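Trainee: Protein chains in written order, with the working numbering: chain B, 6 to 351; chain D, 6 to 351. C-beta: ideal position from N, C-alpha, C; glycine also. Every value quoted in this text rests on a predicted model; they were computed, and no experiment measured them. Input: one structure, supplied below.
There are 2 protein chains.
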Amino acid sequence: MAVITIVGAGMMGSALAFPARENGHEVRLVGTHLDRDIIDACRQTNRHPKFTADFPAGVRFYQLEQLEQALEGCELVIGGVSSFGVDWFGEYVLPRIAEGTMVLTVTKGLLDLPDGRLLCYPELWQQQLDRLGKRLILAAVGGPCTSYELVAHDQTEVCFCSHSRRALERMKALLQTDYYHISLSEDVAGVETAVALKNGYALGIALTIGVNQQRFGPDSELHYNSQAAVFGQAAREMYRLLGAQRQTDLNPFFVGVGDLYVTVYGGRTRLVGILLGRGLTIDEARARLEGVTLESLVVAVRVARAVRIRAERGECSLSDFPLLMHVDEILTRRQPVNIPWEAFTL
Amino acid sequence: MAVITIVGAGMMGSALAFPARENGHEVRLVGTHLDRDIIDACRQTNRHPKFTADFPAGVRFYQLEQLEQALEGCELVIGGVSSFGVDWFGEYVLPRIAEGTMVLTVTKGLLDLPDGRLLCYPELWQQQLDRLGKRLILAAVGGPCTSYELVAHDQTEVCFCSHSRRALERMKALLQTDYYHISLSEDVAGVETAVALKNGYALGIALTIGVNQQRFGPDSELHYNSQAAVFGQAAREMYRLLGAQRQTDLNPFFVGVGDLYVTVYGGRTRLVGILLGRGLTIDEARARLEGVTLESLVVAVRVARAVRIRAERGECSLSDFPLLMHVDEILTRRQPVNIPWEAFTL
């Protein structure tokens, strides 16, 4: 039995308490300063307020001021903060974790650097650790997994990535169950990039749903020809962005494809894509979804910015990314939706 | 203006009359001996009995005995027969087409040879033409396109494949419209294999829907984690089967991915997958869907048979195709559904 400490009581981090605890580990769920009410509710009901099932018996709940206590003796820390908590996690949590501990993060996202490179969060945190002279084993989880379906014990396959094969195998042993299946990849940047990319591309696919609602009426049957055409194009562009043809490990690409599939059907990215497709501007869509965080939009804009910089340097051609460029134009230049279908044909 | 003759008044062939006629060509739709009532209905109403929209004005309809007349002076023949009509098309129609004519087929399928090779229909017909000493320019269409959505003018992207680049470009010029977009590929076997493969894999994805209905109740929300996991695995296995890592033209693979996406949502393959997932045997599922042709099942079995032969010769490993092998076991060995989730992880 190991001790596994989850920091951040959002849905995804909290959902991992299920396989962790069902495998007999001691599981400690620590809320951030934003999760105070969630932790109170978990203590009272043994259920996360957004879940439809109780936690397995025995999960322990901690408020943030008990973080040190919750981290004591743990073998694995699961980072469960959203992308808005990345800096906080790096500055507040990482320094408090014992040397040599494994840290598996569910946070998805990318930063774009002025030179056109994309930096994933494990890479960002590694830079912070290097400055601190501290050694932790950073890892991340990608792949198609919505938290509520994991809680329902839907069969799920994800991919853990880390530069340490040994850590990957240990984390898989700790967390795999008969419904939670884990691929392993040492290509951290690849998996994290694929997983981040899928958000912008899911938006692109959802555009077609809104366009068809606008054209054929809101209750018209779903138009899968259009969706599938954009899905195929999204897969092409992800493959190019990942440089998959040059890789021997194609796990990142296939993780991205599966993740793209689930993202088209789940939640907020789909909603905003449909609204844009119906003809709303991004500002109107944001207003309509007031209060909903749209991390996916940020990633698409960042990736597009990086690709434009690379194209200026002649390292790639913007004509290889017509879907990404169009999504970016909609988001940053307030252009109307006008999917460049012919640009998709080869 | 060109003359385009469509032989076979099934849904897909007939749907191509829309872009063809809207581009101003003379379009002649010829029924097979099975299509007699369809042609009668088209003549009376200018609408295919299975479509919800009239043909564009001016499409001409022919019964089979008028085939020679319908073929006279045509620049392009579109082959619109089902896979059950492949031999008939090769033996009856091809010899009647004028030397040098382009023939674009919508028929999807593969034959497996005793040596483990897969033979697509254009290859099969080319053998027949070689025996006849006749030259036609064979081409095929693949990609995500359901006929009823094409008729509705949903935005659609397909891929035409042929060994003749010049013919490809001419066919694109003849048929492309502002809603029918056409990629071109000279990898005929690749495109046709990808398009055939997607059927067996769509069945695999649909299994998860039935499994979850069985487990969580028929009205439970769709479980996209499972679907996406199998989708990602299906993409992996298609990539391997196509030898995509060794190809420079990845169009076949991406056409297959888009086609897989649309096939999961459309029609009969999905239905049989769901029934199998709920626990019916293949015989029970067939009985339930009495009268429905299930070409997709045939392809999956043929591909699996070819892969087993190749594996026996040491050319590939069955462990690279756990999903295909499981689908084959369900179909040919009447095994119960038991998706090998762990075999998907790498």
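#1: Please check the pair I344(D) and T213(D), which I expect to be a contact at CB under 8 Å, by giving their CB distance rounded to whole angstroms.
#2: Could you tell me whether the Cβ of N256(D) comes closer than 8 Å to any Cβ of chain B?
#3: Thinking C-beta only, is G195(B) closer than 8 Å to L247(B)?
#4: Could you have a look at H158(B) and say whether DSSP puts it in helix, strand or coil?
#5: Can you tell me whether H53(B) is buried or exposed? The criterion is at least 16 other CB atoms within 10 Å of its CB, across all chains shown.
#6: On the criterion of 16 or more Cβ atoms from any shown chain inside 10 Å, does R101(D) qualify as buried, or is it exposed?
#7: Would you identify the three-state DSSP class for L227(D), choosing helix, strand or coil?
#8: CA-CA distance, M107(D) and I83(D)?
#9: What are the boundary residues of the beta strand (DSSP E) that includes L124(D)?
#10: Drop a sphere of 10 angstroms on the beta-carbon of T253(B), count the other beta-carbons inside from all chains shown, and report buried for 16 or more, exposed for fewer.
#11: My parser needs the beta strand (DSSP E) runs of 3 or more residues fully inside the stretch 104 to 155 of chain D; what are they?
#12: Hey, is D159(B)'s beta-carbon within less than 8 Å of any beta-carbon in chain D?
#13: Cβ closer than 8 Å: which chain B residues qualify as neighbours of V267(D)?
#14: So R140(D) and E104(D) are supposed to be a Cβ contact under 8 Å. How far apart are they, rounded?
#15: So which of R122(D), L116(D), D120(D) has the shortest CA-CA distance to W130(D)?
#16: Mind pulling the chain D residues with CB within less than 7 Å of E347(B)?
#17: What does DSSP give as the partner residue(s) for R1(B) in the beta ladder?
#18: Does the count of Cβ pairs from the stretch 299 to 311 of chain B and the stretch 200 to 210 of chain B closer than 8 Å reach three?
#19: Looking only at its own chain, which residues have a Cβ that is under 7 Å from the Cβ of A172(D), when we skip the five neighbours before and after it?
#20: Just confirm the distance between the C-beta atoms of Y266(D) and F236(B), as a whole number of angstroms; I'd bet it's less than 8 Å.
#21: At a CB-CB cut-off below 7 Å, which residues of chain D make contact with F259(B)?
#22: Between the C-alpha atoms of G282(D) and N230(D), what's the straight-line distance to the nearest angstrom?
#23: Do the CB positions of G9(B) and A25(B) come within less than 8 Å of each other?
#24: Touching or not, the stretch 306 to 314 of chain D and the stretch 118 to 128 of chain D, by the rule of three or more beta carbon pairs under 8 Å?
#25: Where does L189(D) land, buried or exposed, given buried means 16+ other C-beta within 10 angstroms?
#26: DSSP three-state call for L247(B): helix, strand or coil?
#27: Where in the stretch 280 to 314 of chain B do unbroken runs of the alpha helix (DSSP H), each at least 4 residues long, occur, reported from the N-terminal end onward?
#28: For E197(B), does the count of other Cβ atoms within 10 angstroms reach 16, so buried, or fall short, so exposed?
#29: Going by DSSP in three states, C166(D) sits in which element: helix, strand or coil?
#30: I need the boundaries of the beta strand (DSSP E) containing G84(D), first residue and last residue.
#31: Determine the direct distance from the alpha carbon of I187(D) to that of Y67(B), and round the result to whole angstroms.
#32: Please report how far the alpha carbon of G15(D) lies from the alpha carbon of C150(D), in whole angstroms.
#33: Measuring straight from C-alpha to C-alpha, what distance separates G88(B) and G95(B)?
#34: Would a check of beta-carbon distances place T274(B) closer than 8 Å to chain D?
#35: Using a beta-carbon distance below 8 Å, is V146(D) in contact with chain B?
#36: Tell me, please, whether the CB atom of C150(D) is closer than 8 Å to any CB atom in chain B?
Mentor: A quick look at the data gives this:
#1: Sequence index remark: in the second sequence, residue 344(D) carries index 339 (1-based). Sequence index remark: in the second sequence, residue 213(D) carries index 208 (1-based). Confirmed, Cβ separation roughly 7 Å.
#2: For the purposes of this step, residue 256(D) is identified with residue 251 of the second sequence, where counting begins at 1. Closer than 8 Å: yes.
#3: Position 242 of the first sequence, counting from 1, holds the residue named residue 247(B). Position 190 of the first sequence, counting from 1, holds the residue named residue 195(B). Yes. Within cutoff.
#4: Here residue 158(B) is taken as the residue at index 153 of the first sequence, counted from 1. It is coil, neither helix nor strand.
#5: The residue you call residue 53(B) lines up with position 48 of the first sequence. H53(B) comes out buried.
#6: Position 96 of the second sequence, counting from 1, holds the residue named residue 101(D). By the 10 Å Cβ count, R101(D) comes out exposed.
#7: Locating residue 227(D) in the second sequence gives position 222, counting from the first residue. Coil.
#8: Locating residue 107(D) in the second sequence gives position 102, counting from the first residue. Locating residue 83(D) in the second sequence gives position 78, counting from the first residue. For M107(D) and I83(D), the distance between alpha carbons rounds to 8 Å.
#9: Residue mapping note: residue 124(D) aligns to position 119 of the second sequence, counting from 1. Start and end: 123 to 125.
#10: Taking the first residue of the first sequence as position 1, residue 253(B) is located at position 248. The residue in question, T253(B), is exposed, as its Cβ has fewer than 16 Cβ neighbours within 10 Å.
#11: 107 to 110, 115 to 117, 123 to 125, 142 to 147
#12: Locating residue 159(B) in the first sequence gives position 154, counting from the first residue. For D159(B), the answer is yes, since a Cβ of chain D falls inside 8 Å of its Cβ.
#13: On the second sequence, residue 267(D) is found 262 positions in, with the first residue counted as 1. Going along chain B in sequence order, the residues near V267(D) (Cβ under 8 Å) are Y229, N230, Q232, A233.
#14: To locate residue 140(D), count along the second sequence from 1; it is residue 135. To locate residue 104(D), count along the second sequence from 1; it is residue 99. The pair is a contact, with the Cβ atoms about 6 Å apart (cut-off 8 Å).
#15: Locating residue 130(D) in the second sequence gives position 125, counting from the first residue. Measuring from the Cα of W130(D), the nearest candidate turns out to be L116(D).
#16: One-based indexing of the first sequence puts residue 347(B) at position 342. The contacting residues are H186.
#17: Past the boundaries of the shown model lies residue 1(B); chain B is included only from 6 to 351, so the question cannot be answered.
#18: yes
#19: As a first step, residue 172(D) must be located in the second sequence, where it is residue number 167. These residues qualify, in order along the chain: M107, I142, A144.
#20: Taking the second sequence and counting its residues from 1, the one referred to as residue 266(D) is at position 261. Taking the first sequence and counting its residues from 1, the one referred to as residue 236(B) is at position 231. 5 Å between Cβ atoms; contact.
#21: Indexing the first sequence from 1 puts residue 259(B) at position 254. Ordered by position in chain D, the residues that pass the 7 Å Cβ test against F259(B) are G237, A240, R241.
#22: For the purposes of this step, residue 282(D) is taken as residue 277 along the second sequence, with counting starting at 1. For the purposes of this step, residue 230(D) is taken as residue 225 along the second sequence, with counting starting at 1. Using only the alpha carbons, I get a separation of about 16 Å.
#23: Working through the first sequence from its first residue, we reach residue 9(B) at position 4. Working through the first sequence from its first residue, we reach residue 25(B) at position 20. It should be noted that the sequence gives Ile, not Gly, for residue 9(B). Yes; because the gap between Cβ atoms is below 8 Å, this pair is in contact.
#24: yes
#25: Numbered from its first residue, the second sequence carries residue 189(D) at position 184. Flag for L189(D) reads buried.
#26: Walking along the first sequence from the start, residue 247(B) turns up at place 242. Coil, per DSSP.
#27: 287 to 293
#28: Position 192 of the first sequence, counted from the start, is the residue given in the question as residue 197(B). Buried, by the Cβ-count rule.
#29: Position 161 of the second sequence, counted from the first residue, corresponds to residue 166(D). DSSP places C166(D) in strand when its eight states are reduced to three.
#30: Translated into positions along the second sequence, residue 84(D) becomes position 79. That run of the beta strand (DSSP E) goes 81 to 84.
#31: Here residue 67(B) corresponds to residue number 62 of the first sequence, with the count starting at 1. Here residue 187(D) corresponds to residue number 182 of the second sequence, with the count starting at 1. Going by the C-alpha atoms only, they are around 57 Å apart.
#32: Reading the second sequence from its first residue, position 10 is the one you call residue 15(D). Reading the second sequence from its first residue, position 145 is the one you call residue 150(D). Near 14 Å, if we compare the C-alpha coordinates of C150(D) and G15(D).
#33: Mapped onto the first sequence, residue 88(B) falls at position 83. Mapped onto the first sequence, residue 95(B) falls at position 90. Note on identity: in this sequence residue 88(B) is Ser, with Gly being the wrong assignment. Rounded to the nearest angstrom, the two C-alpha atoms are 11 Å apart.
#34: What you label residue 274(B) is simply residue 269 of the first sequence in a count that begins at 1. Closer than 8 Å: no.
#35: Mapped onto the second sequence, residue 146(D) falls at position 141. Chain B contact via Cβ: absent.
#36: As a working mapping, residue 150(D) is identified with position 145 in the second sequence. Yes, contact with chain B.
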